[in-house]
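Participant:
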Amino acid sequence: MVWGQFPGSETVKDLQNSIYKAWNEVDESVIKNLVNSKPERIFQVINRSGSFNCYVHLLLFFLS
6 MVWGQFPGSE TVKDLQNSIY KAWNEVDESV IKNLVNSKPE RIFQVINRSG SFNCYVHLLL
66 FFLS
């Protein structure tokens, strides 16, 4: 699945470099928001007995 997100990566090293580059381009505020929202996301998963919630749909959107 990861290879599909970085089509120019022909070797594992190329893929690693692409992932590092993409990670470094993520704004720090995005990371902070994800960390700060984790308790709410866990709460929603527990309340839905592990079934899909809005965060899962958002993740699936970005991975497709």
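Numbering-wise (the working numbering), the sequence shown opens with residue 6 and increments by one.
Don't be surprised by glycine CBs; every beta carbon is placed ideally from N, CA and C.
None of these values were measured; they are calculated from a predicted model.
1) Please confirm whether any heavy atom of the ligand HEM lies closer than 6 angstroms to the CB of S54.
2) Which value, in whole angstroms, describes the spacing of the CA atoms of L20 and I36?
3) Distance check for W28 and S14, CA to CA, integer angstroms please.
4) Measure the alpha-carbon distance for L39 versus V50 and round it to whole angstroms.
Facilitator: Well, looking at it:
1) This structure simply doesn't include the ligand HEM, nor any ligand for that matter.
2) As a first step, residue 20 must be located in the sequence shown, where it is residue number 15. As a first step, residue 36 must be located in the sequence shown, where it is residue number 31. If you take the alpha carbons of L20 and I36, they lie about 22 angstroms apart.
3) To locate residue 14, count along the sequence shown from 1; it is residue 9. To locate residue 28, count along the sequence shown from 1; it is residue 23. One alpha carbon belongs to S14, the other to W28, and they sit about 15 angstroms apart.
4) Locating residue 39 in the sequence shown gives position 34, where the first residue counts as 1. Locating residue 50 in the sequence shown gives position 45, where the first residue counts as 1. For L39 and V50, the distance between alpha carbons rounds to 15 angstroms.
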